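Input: a single structure, listed below in C-alpha coordinates.
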Amino acid sequence: MKKKAEQPKHSDAEMKRYLGSLAEHFDHRFDAVIEQFSGINRKLDAQREVVGELKEDSDISKVNMEIVKSGLAKKVDYQEFLALEKRVRLVETKLRH
115 MKKKAEQPKH
125 SDAEMKRYLG
135 SLAEHFDHRF
145 DAVIEQFSGI
155 NRKLDAQREV
165 VGELKEDSDI
175 SKVNMEIVKS
185 GLAKKVDYQE
195 FLALEKRVRL
205 VETKLRH
(Lines of atoms letter the chains of each structure in order from A; the text may use other names.)
(Lines give C-alpha, C1' and ligand atoms only; values in the text may rest on other atoms or scores of the structure.)
Protein backbone atom coordinates (compact mmCIF):
# COMPACT_ATOMS: atom_id res chain seq x y z
CA MET A 115 0.00 0.00 0.00
CA LYS A 116 1.30 3.40 -1.02
CA LYS A 117 1.30 6.26 1.37
CA LYS A 118 -0.11 9.53 0.18
CA ALA A 119 2.43 12.27 -0.03
CA GLU A 120 1.84 14.59 2.84
CA GLN A 121 1.20 18.16 1.88
CA PRO A 122 3.01 20.72 3.93
CA LYS A 123 0.81 22.31 6.53
CA HIS A 124 0.76 26.06 6.80
CA SER A 125 0.19 27.86 10.01
CA ASP A 126 -2.70 30.25 10.46
CA ALA A 127 -0.33 33.20 10.59
CA GLU A 128 1.31 32.24 7.30
CA MET A 129 -2.07 31.76 5.65
CA LYS A 130 -3.32 35.14 6.92
CA ARG A 131 -0.18 36.85 5.68
CA TYR A 132 -0.47 35.17 2.28
CA LEU A 133 -4.14 36.03 1.90
CA GLY A 134 -3.44 39.61 3.02
CA SER A 135 -0.72 40.06 0.40
CA LEU A 136 -2.98 38.47 -2.21
CA ALA A 137 -5.81 40.86 -1.31
CA GLU A 138 -3.42 43.82 -1.49
CA HIS A 139 -2.22 42.67 -4.91
CA PHE A 140 -5.78 42.52 -6.24
CA ASP A 141 -6.63 45.88 -4.65
CA HIS A 142 -3.82 47.49 -6.66
CA ARG A 143 -5.09 45.83 -9.81
CA PHE A 144 -8.64 47.05 -9.16
CA ASP A 145 -7.36 50.57 -8.48
CA ALA A 146 -5.63 50.55 -11.87
CA VAL A 147 -8.79 49.36 -13.61
CA ILE A 148 -10.89 51.99 -11.82
CA GLU A 149 -8.43 54.72 -12.82
CA GLN A 150 -8.53 53.63 -16.47
CA PHE A 151 -12.32 53.46 -16.39
CA SER A 152 -12.64 56.98 -15.00
CA GLY A 153 -10.24 58.24 -17.69
CA ILE A 154 -12.36 56.64 -20.38
CA ASN A 155 -15.48 58.21 -18.87
CA ARG A 156 -13.87 61.67 -18.98
CA LYS A 157 -12.96 61.17 -22.64
CA LEU A 158 -16.47 59.97 -23.43
CA ASP A 159 -18.00 63.02 -21.74
CA ALA A 160 -15.72 65.30 -23.77
CA GLN A 161 -16.72 63.54 -26.99
CA ARG A 162 -20.40 63.85 -26.13
CA GLU A 163 -19.91 67.59 -25.69
CA VAL A 164 -18.17 67.89 -29.06
CA VAL A 165 -20.92 65.89 -30.78
CA GLY A 166 -23.54 68.15 -29.18
CA GLU A 167 -21.76 71.25 -30.47
CA LEU A 168 -21.50 69.73 -33.95
CA LYS A 169 -25.22 68.95 -33.93
CA GLU A 170 -26.01 72.55 -32.97
CA ASP A 171 -23.79 73.82 -35.79
CA SER A 172 -25.46 71.43 -38.22
CA ASP A 173 -28.92 72.61 -37.18
CA ILE A 174 -27.88 76.25 -37.64
CA SER A 175 -26.46 75.45 -41.08
CA LYS A 176 -29.72 73.75 -42.08
CA VAL A 177 -31.73 76.81 -41.05
CA ASN A 178 -29.34 79.09 -42.95
CA MET A 179 -29.63 76.92 -46.07
CA GLU A 180 -33.42 77.13 -45.92
CA ILE A 181 -33.18 80.94 -45.72
CA VAL A 182 -30.85 81.01 -48.73
CA LYS A 183 -33.09 78.65 -50.71
CA SER A 184 -36.19 80.74 -50.05
CA GLY A 185 -34.28 83.90 -50.97
CA LEU A 186 -33.15 82.38 -54.25
CA ALA A 187 -36.67 81.30 -55.09
CA LYS A 188 -37.80 84.93 -54.80
CA LYS A 189 -35.10 86.27 -57.10
CA VAL A 190 -35.77 86.66 -60.78
CA ASP A 191 -33.44 85.49 -63.50
CA TYR A 192 -31.46 88.45 -64.98
CA GLN A 193 -32.63 87.76 -68.56
CA GLU A 194 -36.24 87.67 -67.38
CA PHE A 195 -35.66 90.98 -65.62
CA LEU A 196 -34.31 92.60 -68.81
CA ALA A 197 -37.29 91.36 -70.83
CA LEU A 198 -39.71 92.64 -68.18
CA GLU A 199 -37.96 96.01 -68.09
CA LYS A 200 -38.28 96.31 -71.88
CA ARG A 201 -42.00 95.51 -71.72
CA VAL A 202 -42.54 98.11 -68.98
CA ARG A 203 -40.81 100.74 -71.12
CA LEU A 204 -43.06 99.90 -74.06
CA VAL A 205 -46.16 100.20 -71.89
CA GLU A 206 -44.94 103.49 -70.43
CA THR A 207 -44.29 104.95 -73.90
CA LYS A 208 -47.77 103.91 -75.08
CA LEU A 209 -49.36 105.51 -72.02
CA ARG A 210 -47.55 108.81 -72.62
CA HIS A 211 -48.90 109.14 -76.16
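Counting in the working numbering, the sequence shown runs from 115 upward without gaps. Built from N, CA and C at the ideal position, the CB exists for glycine as well. Since we're looking at a predicted model, the values are computed, not measured.
Going by DSSP, what residue range makes up the alpha helix (DSSP H) through residue i?
i: lysine 200; result: 192 to 210
On the three-state DSSP scale, how would you describe residue i?
i: serine 175; result: helix
i: histidine 124; result: coil
i: lysine 157; result: helix
i: lysine 189; result: coil
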